[in-house]
Amino acid sequence: MASVFRSEEMCLSQVFLQVEAAYCCVAELGELGLVQFKDLNANVNSFQRKFVNEVRRCESLERILRFLEDEMQNEIIIQVPDKDPGTPLPREMITLETTLEKLEGELQEANQSHQALKKSFLELTELKYLLKKTQDFFEVNLGFTAGVINRERMASFERLLWRVCRGNVYLKFSEMDTLLEDPVTKEEIKKNIFIIFYQGEQLRLKIKKICDGFRATIYPCPEHAAERREMLASVNVRLEDLITVITQTESHRQRLLQEAASNWHSWVIKVQKMKAVYHVLNMCNIDVTQQCIIAEIWFPVADTRHIKKALEQGMELSGSSMVPIMTEVETKTDPPTFNRTNKFTAGFQNIVDAYGVGSYREINPAPYTIITFPFLFAVMFGDCGHGMVMLMAALWMVLNERHLLAQKSTNEMWNIFFNGRYLILLMGIFSIYTGLIYNDCFSKSFNIFGSSWSVQPMFRNGTWNAHVVEQNPYLQLDPAIPGVYSGNPYPFGIDPIWNLASNKLTFLNSYKMKMSVILGIVHMIFGVILSLFNHIYFRRTLNIILQFIPEMIFMLSLFGYLVFMIIFKWCQYDAHTSQKAPSILIHFIGMFLFDYDDSSNAPLYGHQQEVQTFFVIIALVSVPWMLLIKPFILRAKHQKSQLQSFTIHEDAMEGPSVKKTAGAHGTKEGHEEEFNFGDIFVHQAIHTIEYCLGCISNTASYLRLWALSLAHAELSEVLWTMVMSIGLRLRGWGGLVGVFIIFAVFAVLTVAILLVMEGLSAFLHALRLHWVEFQNKFYEGAGFKFSPFSFKHVLEGAAEE
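The numbering of the sequence shown is full-length UniProt numbering, which starts it at 1 and goes up by one.
This is the structure:
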């Protein structure tokens, strides 16, 4: 039965599919996304599997689609359909292959033609500018070489010419005003026209080699002006013809790209779905008749009806007449763990699974973590002002989640925050609550109900006067004087007068330290109680008697009693009698040392010594209870089962041969791990020591709630005192401008330090308290996650890549 408190009940089944219907049935299961396929060919090389050729064809189609995507990049906007296409039938692969291969061939041909035409256009353009610029350099009867070179190579080209030819050449160059386009890379390039005059054949050969080395293009240039004018006119005509052909070629290429853009997204999804289906089919077996495909699947029992319906739909789609057969398989393999989540609970489940996926059907901590995680975070972060900022940020993400999801951002940091928007929302709400309890908002207190303390009776009684106030920088209110303390505590949270007190830190430290201990011990006791539900569900009666009961006795007799003393002291002593209150710390230490001789520390209640001695004794008794009894009972059970199996084996030896064979088969199926008393005893000793020491260390670990709360409050107060209060003290028009600037600095520092850095620190500490201090009381986390075959996950994974 499905429940948020335990993982789903899973079933392993064999599915027999007709070969013709297998593809459609697997495709329907992929659309459903509730079935995990077992790889029945794990020992078979991936190149030797049945459908490897189909997978290769899909990979070839993916290559063509990547080529089309590269061609469309920055030129054509790819159209995304409103709805993803369904899985294509196997026969549609041939049509898709033909379409894509034809499109690829035409596009490659168009690209080659376009590239050749652009190259010719580049050469003619260079020749045109060369002929125009060389009119003034033919008055001398010398040999010459004319050409075009990239502008960034011109300086090196000139230096090398000068050194190689030893200054016996005359170089003249001019920059081309028009930017040209590289026909291969399609990047804009700047070029220079040059003419080199020389005398002699040796210099001509040297110049030619240097031009080749610098990839300069040399063009023939007539010596006579009439010939140059005739060539220029011919070049202009050819350029006009080329422009017409290039325009037509580009239009044809754009039509091909437009056709690809309108269908590209659908093609990609179809190919990815086909490839995923064939990968799954490669995990299945084929019977000896080559007519039936056998698959083994894990699925939630609650979804059996949906899975059978999907298989029937696949059968109908393929036109097969053979109904798929599902038979349950008995197995001793641990099933995968599947916890259903929604957009709210997914973040909390991910926090739990990050520590370790739960064992099959054990208690799931996620439902409890929904409350305890943001609450413990808020205990450390408690400030209603900072909590309000966090709440507003989370609310913005929650209210705009559809729009933000549609953007499909690839920014990893943003996705982390966005996926945890509901967690941040609860952390903000609980931070406001704890901030109101601490009466702390940006390090300042609210005085909503009026303080329970009054200064006036101290003056009316004559204890204080003007002289006393002037002489003493610090004055102490005396609750014994009538009217100073009303007798009724502040209705909600900390009294605002403590914000003015010099001993504020001492009071808050004591309060938060005791509160941390109480919350921590309650949290751990709750974890131990959850372990009882695991023992009951798995019918581990031995663990209830020999593990849960002594664990609870140990925890309650020592640390539960500590919580009792803290609460009892709070209730027993008020502001008037607080000076007579005994020290809980000394009482707790004396409890373990059996030391009750300290007369300065009065007992909390009558017969305290006898009660504490009893608690220590039963706590000590619970240790051997956990350690010794269970291993010996397990050994006795093992010896008894061995004796019974030996008797059955002797009876089977005396019976008919048929019974002997059946018995042998049954023994093989029921084979279990060899019993080792030493290993079990060591394991139990480790568990006992870890639990007993863990109760102490874990209780101390919860003091981080107090430490981080103190650090957050102090940092908040420092920011207000050192930054914001400066702006509030400014006067005049300058102060008006200054307060805006100072507030901006204050806001940036608050967000950067207190919200981001301190928030992340409190988050990580809350994470540790749940993973270690809470979950180790009941949570094994030794399972493996249910990974269903789902087209949704396949497409999301492909998009991330």
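Every residue, glycine too, gets a C-beta built ideally from N, C-alpha and C. Just so you know, these numbers come straight off a predicted model, no measurement behind them.
Tell me whether F157 is buried or exposed, calling it buried when 16 or more other Cβ atoms sit within 10 Å of its Cβ.
Label assigned to F157: buried.
K191 and I149: beta carbons closer than 9 Å?
Cβ distance < 9 Å, so K191 and I149 count as in contact.
Quick one: residues in its chain with C-beta nearer than 8 Å to the C-beta of Q609, no 5 flanking neighbours on either side, listed in chain order?
Once the five neighbours on either side are set aside, the close Cβ partners of Q609 are Y596 and P603.
Any idea what DSSP makes of M10, helix, strand or coil?
DSSP places M10 in strand when its eight states are reduced to three.
Compute the beta-carbon to beta-carbon distance between P496 and S451, rounded to the nearest angstrom, for a pair I have assumed lies under 8 Å.
Rounded, the Cβ-Cβ distance is 6 Å, consistent with contact.
Under three-state DSSP, which class holds K128?
It is helical.
Could you pull the start and end residues of the beta strand (DSSP E) that E296 belongs to?
Unbroken beta strand (DSSP E) run through E296: C292 to P300.
For the stretch 501-521 against the stretch 688-708, are there 3 or more C-beta pairs whose distance is under 8 Å?
Contact between the stretch 501-521 and the stretch 688-708 is present, because at least three Cβ pairs lie under 8 Å.
Anyone know if the C-beta pair for V169 and L205 falls short of 9 Å?
No, the Cβ-Cβ distance between V169 and L205 is not below 9 Å.
Taking F632 as the reference, give the member of A685, K580 and P582 with the closest Cα.
Residue A685 is the option with its Cα nearest to F632.
Give the range of the beta strand (DSSP E) segment to which M191 is assigned.
According to the sequence as given, residue 191 is Lys; it is not Met. K191 to Y198 is the span of the beta strand (DSSP E), which, as asked, contains K191.
If we require 4 or more residues per run, which alpha helix (DSSP H) segments fall completely within the stretch 476-541?
You should have 504-537.
By the DSSP assignment, the beta strand (DSSP E) with E328 in it spans what residues?
Taken as a continuous stretch (DSSP letters only), the beta strand (DSSP E) holding E328 covers I325 to E328.
Using the Cβ count rule (16 or more neighbours within 10 Å means buried), how would you classify H576?
Flag for H576 reads exposed.
Rank Y691, S599, K569 and S645 by C-alpha distance to the C-alpha of S622 and give the top, closest one.
For S622, the nearest C-alpha among the options comes from Y691.
Roughly how far, in whole angstroms, is the beta-carbon of F774 from the beta-carbon of G382, given that I think they are within contact range, below 8 Å?
Not really, about 20 Å apart at Cβ, beyond 8 Å.
Once the 5 residues before and after E669 are set aside, which same chain residues still bring their CB inside 6 Å of it?
Note that E669 scores a pLDDT of 39, beneath 50, so its modelled location is shaky and nothing firm can be said.
What is the DSSP secondary structure of S787, counted as helix, strand or coil?
The answer is coil: DSSP assigns S787 none of H, G, I, E or B.
Report the option in V268, F344, L96 and E71 whose CA atom is closest to the CA atom of R255.
Out of V268, F344, L96 and E71, E71 has the C-alpha closest to the C-alpha of R255.
Would you say T125 faces chain C, with C-beta separation under 9 Å as the test?
Within the model displayed, chain C is absent; a lone protein chain is all it includes.
Give a yes or no on contact between the stretch 12-23 and the stretch 316-333, applying the rule of three or more CB pairs nearer than 8 Å.
Counting Cβ pairs under 8 Å, three or more are found: they touch.
Around the C-beta of M722, are 16 or more other C-beta atoms found within 10 angstroms, so that it is buried, or is it exposed?
Flag for M722 reads exposed.
Any contact between the stretch 260-279 and the stretch 80-96? By contact I mean 3 or more CB pairs, one from each, below 8 Å.
Yes, since at least three Cβ pairs between the stretch 260-279 and the stretch 80-96 fall closer than 8 Å, the two stretches touch.
Do you know how far the Cα of Y433 is from the Cα of K785?
If you take the alpha carbons of K785 and Y433, they lie about 36 Å apart.
So S13 and T333 are supposed to be a Cβ contact under 8 Å. How far apart are they, rounded?
Not confirmed; about 13 Å, so no contact.
So for V616, helix, strand or coil by DSSP?
Of the three classes helix, strand and coil, the one that applies to V616 here is helix, per DSSP.
What number of angstroms, rounded off, separates the C-alpha of A276 from the C-alpha of P365?
Each residue's alpha carbon lies about 34 Å from the other.
How long is the line joining the alpha carbons of residue 802 and S583, rounded to whole angstroms?
Only positions 1 to 801 of the chain appear in this structure, which leaves residue 802 out of reach.
Does the contact criterion of 3 or more C-beta pairs under 8 Å hold for the stretch 558-576 versus the stretch 634-646?
The answer is no - the stretch 634-646 does not touch the stretch 558-576, with fewer than three Cβ pairs under 8 Å.
Would P90 pass as a contact of E54 if the rule is Cβ separation under 9 Å?
Yes, Cβ-Cβ distance for P90 and E54 is below 9 Å.
For E218, report the span of its beta strand (DSSP E) as first-last.
Per the sequence shown, residue 218 should be read as Ile rather than Glu. Unbroken beta strand (DSSP E) run through I218: T217 to Y219.
Roughly how many angstroms lie between the CA atoms of I424 and L376, to the nearest whole one?
Spanning the two alpha carbons is a distance of roughly 13 Å.
Who pairs with E181 in a beta bridge, going by DSSP?
Answer by DSSP bridge pairing, in chain order: E188.
Considering only the beta carbon of each residue, do Q115 and W298 sit closer than 9 Å?
Cβ distance not < 9 Å, so Q115 and W298 don't count as in contact.
Three-state secondary structure (DSSP) at G314?
The answer is helix: DSSP assigns G314 an H, G or I state.
Provide the residue span of the alpha helix (DSSP H) that contains residue 804, from first to last.
Within the shown structure, residues of the chain are numbered from 1 to 801, placing residue 804 beyond reach of any answer.
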